[in-house]
Each structure stands twice: as structure tokens, then as C-alpha cells.
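Please read the structure below before turning to the comments.
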Amino acid sequence: MQTPMSTGCGHFFCRFCITELLNSKYRAPCPLCKKSFTRRYLLLATYFS
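Reminder that position 44 of the sequence shown reads as 44 in the working numbering, one-by-one numbering, no gaps.
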């Protein structure tokens with residue numbers, strides 16, 4: 001996975017995929033658990049590098 005990002009609910013996605021989901025919205029549901037999140041709560045998961 002390139003540039004892994006963590007959502008506020010603790011799930012991991014590549015940066016491109018998760019930001020594409022948020023491109024047209026302020027808030028989006030996590031693709032796995034459906035918990036709502038915003039860009040503010042995305043974290044770069046450096047421990048995967």
C-alpha cells in the first residue's frame with residue numbers, strides 16, 4: 001500500500017483512495033464500518049513504512 005492513511009475509526013486505506021472518497025464531500029462514511037469521518041481526522045500511518 002502506498003502512503004497508508006488511517007481514518008478516525010482506525011481503518012487503513014491508501015491516501016489516493018480515501019481522499020477520492022472525500023473529494024466531493026465534507027464528510028464520508030468509512031468503507032468498512034460506515035462510521036463518518038472528515039479530512040481532519042485522516043492520519044498518515046508512518047509505522048507501515
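For every residue, glycine included, the Cβ atom is placed at its ideal position computed from N, Cα and C.
{"Item": "Inter-residue spacing [alpha-carbon to alpha-carbon] between C17 and Y47", "Value": "19 angstroms"}
{"Item": "Cβ-Cβ separation, R40 to L22 (assumed contact under 8 angstroms), whole Å", "Value": "So it is not a contact: roughly 10 angstroms between Cβ atoms."}
{"Item": "CB of M1 within 8 angstroms of CB of C9, strictly", "Value": "no"}
{"Item": "Ranges of the alpha helix (DSSP H) found wholly within the segment 16 to 42, counting only runs of at least 4", "Value": "none"}
{"Item": "Distance, A45 Cα to K25 Cα", "Value": "23 angstroms"}
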